[in-house]
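Written out below as structure tokens is the structure these notes cover.
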Amino acid sequence: MSGEGPGASADGAAGPRVTVLHGVNLDQLGRRDPELYGTLTLAELEVAVTGFAREVGVRASFSQTNHEGEYCEALHGAPQVADALILNPGAWTHYSWAIRDALEVAGLPAVEIHLSKVEEREQWRRTSVIGELCFETVSGQGVEGYRTALELVRDRLRAMSGRAR
Ligand code: DQA
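Given below as structure tokens:
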């Protein structure tokens with residue numbers, strides 16, 4: 116027992132566990148168009164999001180892959196390690212029915228997020244096959260959007276635990 120109460124981890128961080136899953140090409144942040152995606156690398160983004168998580172009162176963990184099957188497997192295993200998800204599948208968002216079905220298997224509350232404002236870009240980016248399984252979509256807010264997404268997830272989990280009582 117750490118003595119820090121329920122939800123506390125060994126490093127003293129507390130709160131619900133939120134896994135942020137970055138998809139294809141997100142590892143190339145810093146090299147991609149800064150007008151659309153900003154100037155931070157993925158590692159820098161994760162440092163910023165870890166700070167947001169602390170402020171918001173949740174614990175964030177991260178993973179990134181360029182392989183669709185691995186992204187599906189991360190979703191399959193998510194209920195063992197997370198209470199909620201924040202998903203930026205990159206271009207898979209727009210066509211991967213496999214990821215959509217894996218998200219359904221995960222069955223966790225999820226927010227879809229995009230750094231750029233996808234609904235104002237090419238027509239093909241305006242379709243999301245995961246949107247119907249996410250309770251909210253955040254787009255066009257850059258890195259700050261992750262703070263919004265973390266707040267949304269925290270509030271959703273609080274509402275869910277209130278309902279369970
Ligand atoms: C993105 C938007 C997608 O359309 C694109 O394919 C990406 C990044 C975003 O964060 O804005 O890779 O998900």
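Be aware that the sequence shown starts at 116, since it is given in our numbering, and climbs by one per residue. Heads up, the beta-carbon is just placed ideally off N, CA and C, and yes, glycines get one too. This structure is a prediction, so every number in the text was calculated from the model and none was measured.
* **CB of Tyr-210 within 9 Å of CB of Val-162, strictly** => On the sequence shown, residue 210 is found 95 positions in, with the first residue counted as 1. On the sequence shown, residue 162 is found 47 positions in, with the first residue counted as 1. No, the Cβ-Cβ distance between Tyr-210 and Val-162 is not below 9 Å.
* To do: Starting from His-191, follow the alpha helix (DSSP H) in both directions and report where the run begins and ends.
  => Working through the sequence shown from its first residue, we reach residue 191 at position 76. 183 to 196 is the extent of the alpha helix (DSSP H) around His-191.
* To do: Quick one: grab the DSSP three-state call for Ile-245.
  => Taking the first residue of the sequence shown as position 1, residue 245 is located at position 130. In the structure shown, Ile-245 sits in coil (DSSP, three-state: anything other than H, G, I, E or B).
* Indicate whether Thr-180 and Gly-138 have their beta-carbon atoms separated by less than 9 Å. => In the sequence shown, the residue the question calls residue 180 occupies position 65. In the sequence shown, the residue the question calls residue 138 occupies position 23. It is a contact, given that the beta carbons lie within the stated cut-off.
* Residues whose Cβ lies closer than 6 Å to any heavy atom of the ligand DQA, in chain order -> Taken from the N-terminal end onward, the list reads Asn-140, Asn-203, Gly-205, Ala-206, Thr-208, His-229, Leu-230, Ser-231, Val-233 and Arg-240.
* Please report the residue range of the alpha helix (DSSP H) in which Thr-165 lies. => Your numbering for residue 165 matches position 50 in the sequence shown. Here the alpha helix (DSSP H) through Thr-165 covers 157 to 171.
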